[in-house]
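**Student:**
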Amino acid sequence: MNQQKSLLLFGGRICQELSRQPFLSKDYQVTYIDSLLNTQHYPDAVLPKEIGTDIRPDLLVIDFQAVIEECISNTLTVDRAVVWTKQFASHLLSHIAPEQILLLHVFRPQYYVIKNRIRVKASNPYLQYIQTIEQAFLDQVDCHIISLDNCYFSFKPFNEKLALYRFEDAYYQDIAHRVHVWFQSKTDIFNTPPYFPLSLERFCTYFNTLEKKAFHLFLNDQHLLEDLVLCASPDFIEQYKPILLYLADDNHTDLPAKTYLRKLEGQTFDHLSEFCQIFEAFDSVRQKNYKQRNINYDALFLHHFRIPSLLQDIQKWAKPQMKKLGLLHRKQITFQNYGAWFTLMQTSDTQAFEHAAEKFGYEKETLKPTVVDLWGSCISRTNLNFDDERNFVTSAYLFQVPPFVESTPVNYNKEAVKDYHSSWYDQIVQDELAGTYIKKLITSPGEWLLIDFFSLSSPRAYQIDSHYFTDFRGEIAHTLQAESFSFMDDMPISELQRRIRICAEVLKKRYGDHIIMIQCKRQSVFLTQEGTSKSFSDKVVTRNEKANPLIYDMSQYFVQLTNCYYINVAGSYLSDEIGFMGLEDVHYEDKCYEETLNYIRYIVKNTPKQKYFASKKENASSLPSVFQEDLEGYQTEPTEDPTHIMYPVRFVSNLPSVCPVPSFKPNDSGNYSDEMQNKQDSIIYLPKGYSLRNDGTAIPLENPFHLDGWHFTGWHILVTIHAKSYWYLNSGGFVAAKDYQWNNDASLYRLFDHQLSLICL
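For the sequence shown, counting from 1, position 642 maps to 626 in my numbering; every step adds exactly one.
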């Protein structure tokens, strides 16, 4: 540009943020009017004095976020906002031509980003406000518009709260790019798809996310180059980025493959020949040409492409001949092995299949992963997300269904909910009401069952007559006017145990010894993006103190009934704001899922005699701060396994409800084993016949619940440090002795809000 162009930013938070960082080139003279455009600052819709007098911009960039926010906060009616906006538009046109005005469309993204993790946000209830106010302006002003609705995401900066109208840097960079093109060529690209180079970077940055469907908001799988990116790996994109950017010059991503290949003729990019082979193979597969001559299909699998349409076609080919192929389920063909199965589909040659598997680096277990069923929640499912279908694929999944065997259909108005089938969640509710969900397990080819009892604490539980069900979205329950129900408050323990006994019998008959209970725990503390620990709300903490004992004890009861495998890892980890899953009290640090998955792999591969598996993580690193203070300066002697300060207590007989917690003294040998030690001021009791796990829990070598006529209450652990006494609870965490009391059967406990007198230990 020969002459410096002037740019005026005026409006709400979007223009404000655009002005704060150097997104716009120094080639422009940028002025920002530091006063939000709203009715409070400009009650009569008058213009700032700068417009039309001191400043005559080549382009005015404007947004109405602040006006819309007034309507949302109920300080301004929509009708009044429309009148004001039209008056403002009329005044503006008297000073600036419409072709010199750029309106930034206000939107509330469906997703936000926190440290490269994409998170889902709530739906936008204010869309009508936005449309009405902006349309009032456009009715008066035929200006340029940038409308990138949902293409870009909100952004949570480090050490700051999530702001509704603060977006990723890429959003402002895209605006700057469009402004630059307009100034250079007067070409209006304001209302075109997202800028491809930015989309390429964002795909690689956010690749390791659960919300991969968000990629489709800024990459169009109907466009050849963008579809290539969606199916590729970040490593591939990084290696061939110069070629991709060259091909997508001017944002042309939907041209025919031959056009792109002609464009590459005579170019000297590194690895150009290899890229052309991959590109031709991808285009051929995209058109479902699987036996085209002179096409190197292997290149796709060597570069770890994940092409959904190809996977579906291979699975479709395999389905009628699964028995012949040695498969239990078509889903055993995955992105982790589909290169070998593609070769078999092409050649019908088992030797070629084996050669391809070796060429692509597929392990034997990966070629035919184990089929598992899930009955539980994300607590069980997310472990398999970390497996990425290398070792396991899922057949039936009963999401948050309570552990009851309900085979009798509910008497309900089927006509009222007949249209609730599009959502996966709604289909599960339909199965619950019809009493057919248990049949899915009976008929499933699943070889193992992973189960957790999170549903017993679900806030979305409902009741119709004597039938109990959960509804994640709540829409079917609302339509049927079902009563809300709490398993914690509304169902007697005896009834809950009766139902679990029936469930355990059915599952034991179906799966035998191939059942793994995943212990869940609702956390009260989470790790922030900044790496500090923070408590959830008081409401969540109070609920969790009530929910965790029930979940734990019923899980233990199920384990006792089935003698199944049991993994207790979650209690050693916190929730995590930047973990793979979104921030919830039942979503944990990534390492929790990795450790649990390792146990699942070990159990399925070896079916060991050992049934209990607990976390290897040193608990001392995640103790509550109130306990951490007492822990400082505590010394332990190194052993073969990490030494911990938490050890099991003793066997107890059934105690009456009025009985206080028994005192523990080093010379009291009445009901203790002969293995008792004193280490500094921490009393350690190790019952005979038990092995000490490195997480501080005791695992019975034989029967986990009875020994020598005494009933083991679970992992109740007494810790005495610096003359202060704590109980380490079944469900994890510590509580002072004064807040702890036995239940009447001595197998459950309840916490009270400091209402009990101090119990001397």
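Glycine included, C-beta positions come from ideal geometry on N, C-alpha and C.
Could you pull out every residue in the same chain whose Cβ sits closer than 7 Å to the Cβ of Asp126, ignoring the five residues on either side in sequence?
**Tutor:** Pro82
**Student:** Looking at the secondary structure, which residues open and close the alpha helix (DSSP H) in which Ile477 lies?
**Tutor:** 477 to 495
**Student:** Which of the three DSSP states is assigned to Gln594 in this structure?
**Tutor:** Looking at Gln594 - three-state DSSP - the assignment turns out to be coil, as it is neither helix nor strand.
**Student:** I need the straight-line Cα distance from His255 to Glu249, nearest angstrom please.
**Tutor:** 13 Å
**Student:** Just reading off the alpha helix (DSSP H) that Asp297 is part of, what are its end residues?
**Tutor:** Annotation: the continuous alpha helix (DSSP H) that includes Asp297 extends over 292 to 302.
**Student:** Against chain C, with Cβ distances strictly below 7 Å, would Pro109 count as a contact?
**Tutor:** Checking the listed chains, one finds no chain C in this structure; it contains a single protein chain.
**Student:** When you compare only the Cα positions, how much space is there between Gly458 and Thr15?
**Tutor:** 50 Å
**Student:** Can you tell me whether Lys505 is buried or exposed? The criterion is at least 16 other CB atoms within 10 Å of its CB, across all chains shown.
**Tutor:** buried
**Student:** Grab me the residues of Glu349's own chain with a C-beta within less than 7 Å of its C-beta, minus the 5 sequence neighbours each way, in chain order.
**Tutor:** Asn375
**Student:** By the DSSP assignment, the alpha helix (DSSP H) with Arg246 in it spans what residues?
**Tutor:** 241 to 248
**Student:** May I ask you to report which of helix, strand or coil DSSP gives Arg768?
**Tutor:** The structure shown does not extend to residue 768, since the chain is modelled only from -15 to 745, so the question has no answer here.
**Student:** Put Asp357 into one of helix, strand or coil per three-state DSSP.
**Tutor:** strand
**Student:** For the candidate residues Arg314, Gly323, Gln119, Ser19, whose alpha-carbon lies nearest to that of Thr354?
**Tutor:** Arg314
**Student:** Leaving out five residues before and five after Gly(-4) in sequence, what residues of the same chain have Cβ atoms less than 8 Å from its Cβ?
**Tutor:** Excluding sequence neighbours, Gly(-4) sits near Leu20, Leu21, Asn22, Asp47, Phe48, Gln49, Ala50, Val51, Ile52, Glu53, Val90, Tyr149.
**Student:** Once you ignore the five residues that flank Asn651 on each side, which residues in its own chain have a CB closer than 8 Å to its CB?
**Tutor:** Since pLDDT at Asn651 reaches only 31, below the 50 mark, its modelled position is unreliable, and no value is offered.
**Student:** Since Leu434 and Ile500 should fall inside the 8 Å C-beta cutoff, what is the C-beta to C-beta distance between them, to a whole number of angstroms?
**Tutor:** With a Cβ gap of about 5 Å, Leu434 and Ile500 count as contacting.
**Student:** Sort out for me which residues DSSP pairs Lys(-11) with in a bridge.
**Tutor:** Tyr12
**Student:** Within the continuous alpha helix (DSSP H) that includes Gln465, where are the two ends?
**Tutor:** Premise fails: Gln465 is in no alpha helix (DSSP H) and is neither H nor E.
**Student:** With 16 other CB atoms within 10 Å as the buried threshold, where does Arg4 fall?
**Tutor:** exposed
**Student:** DSSP three-state label for Leu132, please.
**Tutor:** coil
**Student:** Terminal residues of the continuous beta strand (DSSP E) containing Thr760?
**Tutor:** Any question about residue 760 goes unanswered here, given that the chain covers just -15 to 745.
**Student:** For a quick check, are the C-beta atoms of Arg444 and Asp436 less than 7 Å apart?
**Tutor:** no
**Student:** Taking the alpha helix (DSSP H) that Met306 belongs to, which residues open and close that run?
**Tutor:** First-last of the alpha helix (DSSP H) with Met306: 306 to 309.
**Student:** Taking the alpha-carbon positions, what's the Tyr550 to Pro177 distance?
**Tutor:** 50 Å
**Student:** Could you tell me if Gln296 is buried or exposed, where buried requires 16 or more neighbouring beta carbons within 10 angstroms of its beta carbon?
**Tutor:** exposed
**Student:** Residues in the same chain with beta-carbon distance under 8 Å from Phe(-6), minus the five sequence neighbours each way, listed in chain order, please.
**Tutor:** Tyr16, Ile17, Leu21, Pro32, Ile35, Leu44, Val45, Ile46
**Student:** Quick check: the Cα distance between Lys600 and Ser539, rounded to an integer number of angstroms?
**Tutor:** 20 Å
**Student:** Buried or exposed: which applies to Val104, given that a residue is buried once 16 or more other Cβ atoms fall within 10 Å of its Cβ?
**Tutor:** exposed
**Student:** So, using beta-carbon positions, are Val588 and Trp432 closer together than 7 Å?
**Tutor:** It is a contact, given that the beta carbons lie within the stated cut-off.
**Student:** Give me, in chain order, the residues of the same chain whose beta-carbon lies closer than 8 Å to that of Leu208; leave out the 5 immediate sequence neighbours on both sides.
**Tutor:** Excluding positions up to five away in sequence, the list reads Thr237, Asp238, Leu239, Pro240, Ala241, Tyr244, Asp267, Arg270.
**Student:** Give the range of the alpha helix (DSSP H) segment to which Val51 is assigned.
**Tutor:** 49 to 56
**Student:** Got a sec: does the ligand ATP put a non-hydrogen atom nearer than 6 Å to the Cβ of Val401?
**Tutor:** Inclusion of the ligand ATP in the displayed structure is not the case, the ligand content being empty and no account of it being possible.
**Student:** If I measure Cβ to Cβ from Ile262 and keep anything under 7 Å in the same chain, skipping five residues before and after, which residues do I get?
**Tutor:** Ala283, Leu284, His287
**Student:** Buried or exposed: Phe187, going by 16 or more other Cβ atoms within 10 Å of its Cβ?
**Tutor:** buried
**Student:** Applying the criterion that 16 or more other CB atoms from any shown protein chain within 10 Å of the CB defines a buried residue, is Gln384 buried or exposed?
**Tutor:** buried
**Student:** What is the DSSP secondary structure of Asp768, reduced to helix, strand or coil?
**Tutor:** Since the displayed the chain opens at -15 and closes at 745, residue 768 lies outside it and no answer follows.
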